[in-house]
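Numbering (UniProt numbering), first residue to last: 1 to 137.
From the three backbone atoms N, C-alpha and C, an ideal C-beta is built for every residue, glycine too.
Source: prediction; values computed, not measured.
I have placed the structure first, in the form of structure tokens, so that the comments after it can refer back to it.
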């Protein structure tokens, strides 16, 4: 029994580290910092600098998690979230924002966000939230 649990946990850890994550943020430094941390943890990371680019990438690739900023040019994170949910996207979506307001949090969850993190945030907290979202899949 212990061997089975050990193998199950190893398989789950392996699957998590192979997860493909899309990071959508118009701030180059934020994209770069998140990508660096996620790749260091063993995730495959793709980046988009706005909602339009993200939609194009999502049409051509499957992602295990989408991390999106809210305030972006062209298509906001809220609009991106709404479009993805309307299209039936099953990838968990974690919203990132500098907006520290209850209204923004409520709106994100009303639109179907799976999690929400306010900038600035701890890279370790981001990793923990990603692991939780992957565990739910």
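At the level of alpha carbons, what is the spacing between residue 30 and residue 100? As a first step, residue 30 must be located in the chain shown, where it is residue number 30. As a first step, residue 100 must be located in the chain shown, where it is residue number 100. Taking the straight line from one Cα to the other gives about 17 Å.
Tell whether a beta-carbon distance below 8 Å holds between residue 51 and residue 80. The count along the chain shown starts at 1 and reaches residue 51 at position 51. The count along the chain shown starts at 1 and reaches residue 80 at position 80. Yes.
Helix, strand or coil at residue 131 according to DSSP, with G and I counted as helix: Translated into positions along the chain shown, residue 131 becomes position 131. Helix.
Nonlocal neighbours in the same chain, by C-beta distance under 6 Å from residue 92, ignoring five residues either side: If you number the chain shown from 1, residue 92 lands on position 92. Here the set comprises 65, 114, 133.
Just grab the DSSP bridge partners of residue 67 for me. Indexing the chain shown from 1 puts residue 67 at position 67. According to DSSP, residue 67 bridges with 23, 94.
Residue 110 to residue 20, Cα distance in whole Å? Translated into the one-based positions of the chain shown, residue 110 becomes position 110. Translated into the one-based positions of the chain shown, residue 20 becomes position 20. Between residue 110 and residue 20, the C-alpha separation is close to 25 Å.
Residue closest to residue 73, alpha-carbon to alpha-carbon, out of 27, 128, 137, 18: The count along the chain shown starts at 1 and reaches residue 73 at position 73. Comparing Cα positions, the closest option is 27.
Count the other CB atoms within 10 Å of the CB of residue 68; is the residue buried (16 or more) or exposed (fewer)? As a working note, residue 68 is residue 68 in the chain shown. The residue in question, residue 68, is buried, as its Cβ has 16 or more Cβ neighbours within 10 Å.
Length of the line joining the Cα atoms of residue 123 and residue 130: For this step, residue 123 is matched to residue 123 along the chain shown. For this step, residue 130 is matched to residue 130 along the chain shown. So the alpha carbons of these two residues sit roughly 11 Å apart.
Report all residues from its chain with a CB closer than 6 Å to the CB of residue 117; omit the five preceding and five following residues, and keep chain order. Taking the chain shown and counting its residues from 1, one reaches residue 117 at position 117. 96.
Cutoff 7 Å; reference residue 105; Cβ partners in own chain excluding five residues on either side: To locate residue 105, count along the chain shown from 1; it is residue 105. Within the same chain, residue 105 has close Cβ partners 116.
Buried/exposed call for residue 98, threshold 16 Cβ in 10 Å: The residue you call residue 98 lines up with position 98 of the chain shown. Its Cβ having fewer than 16 others within 10 Å, residue 98 is exposed.
Alpha carbon of residue 57 to alpha carbon of residue 102, nearest angstrom: To locate residue 57, count along the chain shown from 1; it is residue 57. To locate residue 102, count along the chain shown from 1; it is residue 102. The alpha-carbon atoms of residue 57 and residue 102 are separated by roughly 30 Å.
What is the DSSP secondary structure of residue 18, counted as helix, strand or coil? Locating residue 18 in the chain shown gives position 18, counting from the first residue. In this structure, residue 18 counts as coil in the three-state DSSP scheme.
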